[in-house]
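Structure record follows, encoded as C-alpha cells.
2 protein chains.
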Amino acid sequence: MFLSGQGQQNVSSGNLACLVNAKASQIRKDFSYFGAFGTPGVGYDINKLIRQIRRILNLGDVRKAALVGVGNLGSAILAYPGFRMYGFDIAAAFDSDPKKVGKKISRVTIESTSNLRTLRKRKIHLAILAVPRDAAQRVADLLVEAGVKGILNFSPLRVVVPKKIKVITIDIAMELARLPYYMPAR
Amino acid sequence: MFLSGQGQQNVSSGNLACLVNAKASQIRKDFSYFGAFGTPGVGYDINKLIRQIRRILNLGDVRKAALVGVGNLGSAILAYPGFRMYGFDIAAAFDSDPKKVGKKISRVTIESTSNLRTLRKRKIHLAILAVPRDAAQRVADLLVEAGVKGILNFSPLRVVVPKKIKVITIDIAMELARLPYYMPAR
DNA sequence: CTATGTGAATTTATTCACAGCA
DNA sequence: TGCTGTGAATAAATTCACATAG
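Protein chains in written order, with numbering that gives the first Met the number 0: chain A, 0 to 185; chain B, 0 to 185.
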C-alpha cells in the first residue's frame, strides 16, 4: 500500500522501523520468529514480505464475513474499502428492520435477521456486529448458534460467548478516552 | 456502568480480574502504581474507584470534540451514546458537502469545513476524523493549524502531524484481520 | 560495506506469596 | 477471616552487539 506502489523493491528493517516508529532490531526480531526472509546487505523484498505477512495472519484466501446491523455504522462498514484490502468479503448483511430488508447497499442485499441461521450453510464464519447495545448479546448468541467462529464487535458491550469463539471488541468512545491521557494540560 | 448501577458498593480485585479476564494480582499491582485506594478485607469502593480512574485518564471535566466528516461513519459517531459516558461532548460537526451544511444531526448543526479555523477560538482541542482517505491528510493539517491537540483517526491512512499532536488511528479492517490469526483451521 | 539473524544482556511486565489492616 | 499493597521471584519483551551472508 505504502511501498508496493512502485519505486523501491526492498525495505530495510530500519525503514520499516521508522515507518511505524519502533527500533530496527525489534522489526528483525519479530520477523525472525516466523522464519528468515530477508537478504543481508539488501533488506526485505517487499512483495515477498507481503506474502509472508498474509500467510502469518492466515489471510491466504478471501474470507467471507457477515454484517449484522445496517444502521449508520453498518453502512459505513459496508462502504469501507479497507476490508477487501485485507482479504475480506462482506458477503451478507442482516437487519431486523423490515423496511430495510430487501434493500441493496454496496452490492449486498439486506436480509432479515431470521436468516442468520443460514450462515453455517453458506460457510460464513466471521461476523461484524454493529447493532444497538440492547440487541448485541442476543445477536451474538444467534451468531454462535449459526456456527460463527469470530466476531468483530462494535457495540459498547462485553458480549459473552463460548471461549472457542474469538471476539474483538472496539469501543470507539473508549479509544477516544485514551487521548487526553497523553495530552498537555487540561 | 456495569457495577455502579446498584447493589454492590465494593469490588474486589478478584471480581474485577475475572470481569476483564486477568489475574487479581495484576489488577492490584496496576492500581498500586497510582496510589492505594482500596480497603483491605473489603475491596475497592466503586465510586471512589471511578473517580480515581477518571482522574488518572484526565477525564476530570467534559471535553469538547469536533467531528469532521458527516458521512455514514460520522453519523454513527454522532449518534453513539458512548462518548458522553466517557466525558466527551461532540460540540461541532463539519462536512465539505454544501448539501449537508446547515442540517442538524443529534443536536449538532453541520458546518462547512471552511469553519474549521474557528476551533481554536471555541476551545475545541480534540477532533474525530471520519473523512474519505483522500481528504484525511488535508483535513488533519487544517486541524493542527486550528490548534487541535489530539485526533482520533478513522481513515485507513497514516496521517502525519507534528509530534506534539497525539493521534490514535483505528483501522477497522485491520482489526478484523486479526481475527483469522486466532481462528481454527482455514 | 550494508543489512540480516540471533544469542546474550537488559529492561519491563506479570505472578507469587505474604505481612498487615479492617 | 478476607482482601489489599508490595517486595521478591519469574517470565516476557526489547535492545544490544556482532558474526555472517550478499
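Beta carbons are placed, not taken as given, at the ideal position from N, Cα and C, and that holds for glycine.
- A/Y180 counts as exposed, since fewer than 16 other beta carbons sit within 10 angstroms of its beta carbon.
- Below the 9 Å Cβ cutoff, chain A contributes no neighbours of B/D133, its closest Cβ being approximately 11 Å away.
- A straight line joining the alpha-carbon of A/A126 with that of B/V138 spans about 32 Å.
- For B/E110, the number of other beta carbons within 10 angstroms of its own is at least 16, and it is reported as buried.
- Counting C-beta pairs closer than 8 Å gives fewer than three between the region 27–42 of chain B and the region 152–159 of chain A, which falls short of the contact rule.
- By the criterion of a C-beta distance shorter than 8 Å, B/L77 is surrounded in its chain by L66, V69, I89, A92, I104, S105, V107, once the five residues flanking it on both sides are discounted.
- Contact between B/L118 and B/G146 holds, with the beta-carbon distance rounding to 6 Å and staying under 8 Å.
- Under DSSP, B/R121 takes part in no beta bridge, so it has no partner.
- No residue range can be given for B/S11, since it is assigned to no beta strand (DSSP E) and is classified by DSSP as neither H nor E.
- Judged by DSSP secondary structure, A/G59 falls outside any beta strand (DSSP E); it is assigned neither H nor E.
- In the DSSP secondary-structure assignment, B/T108 is bridged to B/K103.
- B/L178: member of the alpha helix (DSSP H) spanning 171–181, first to last residue.
- 8 Å or more divides the Cβ of B/A172 from the Cβ of A/N71.
- Contact note: A/N152 does not reach chain B at a C-beta cutoff of 9 Å; the least C-beta distance is about 10 Å.
- For A/F30, the enclosing alpha helix (DSSP H) begins and ends at 23–31.
- Excluding residues up to 5 positions away in sequence, G86, D88 lie with their Cβ nearer than 6 Å to the Cβ of B/V61 in the same chain.
- Counting C-beta atoms within 10 angstroms of its own C-beta, B/Y32 has fewer than 16 neighbours from the protein chains shown and is therefore classed as exposed.
- Boundaries around B/L77 are those of the alpha helix (DSSP H), 71–78, since no beta strand (DSSP E) includes it.
- Excluding sequence positions up to five before and after A/K47, its CB lies within less than 8 Å of the CB of F36, all in the same chain and listed in chain order.
- Proximity of B/Y79 to chain A, defined by a Cβ-Cβ separation below 8 Å, is satisfied.
- With 16 or more other Cβ atoms from the protein chains shown falling within 10 Å of its own Cβ, A/G149 counts as buried.
- Against chain B, a Cβ distance below 7 Å from A/K165 picks out L178, Y181, M182.
- The Cβ neighbour count for B/D94, taken over all protein chains shown within 10 Å, is at least 16; the residue is labelled buried.
- Of the candidates A/L142, A/K162, A/R132, A/R132 places its Cα closest to the Cα of A/D170.
- B/L151 is bridged by DSSP to B/I127, B/I167.
- At a cut-off of 8 Å between beta-carbon atoms, B/S105 makes no contact with chain A.
- Counted as a single uninterrupted DSSP element, the alpha helix (DSSP H) harbouring B/A134 occupies residues 132–144.
- CA-to-CA, the gap between A/V143 and B/K163 works out to about 44 Å.
- A/A23 and A/Y43 have their C-alpha atoms roughly 13 Å apart.
- B/Q136 and A/L15 have their C-alpha atoms roughly 21 Å apart.
- For B/S113 and B/K102, the gap between their C-alpha atoms comes out near 16 Å.
- Looking only at B/L128, B/A134, B/I26, B/K122, the smallest Cα-Cα distance to B/T168 is reached by B/L128.
- The beta-bridge partner set that DSSP reports for B/D88 consists of B/K63.
- Ranking A/M84, A/G73, A/R83, A/D29 by CA distance to the CA of A/K99 puts A/G73 first.
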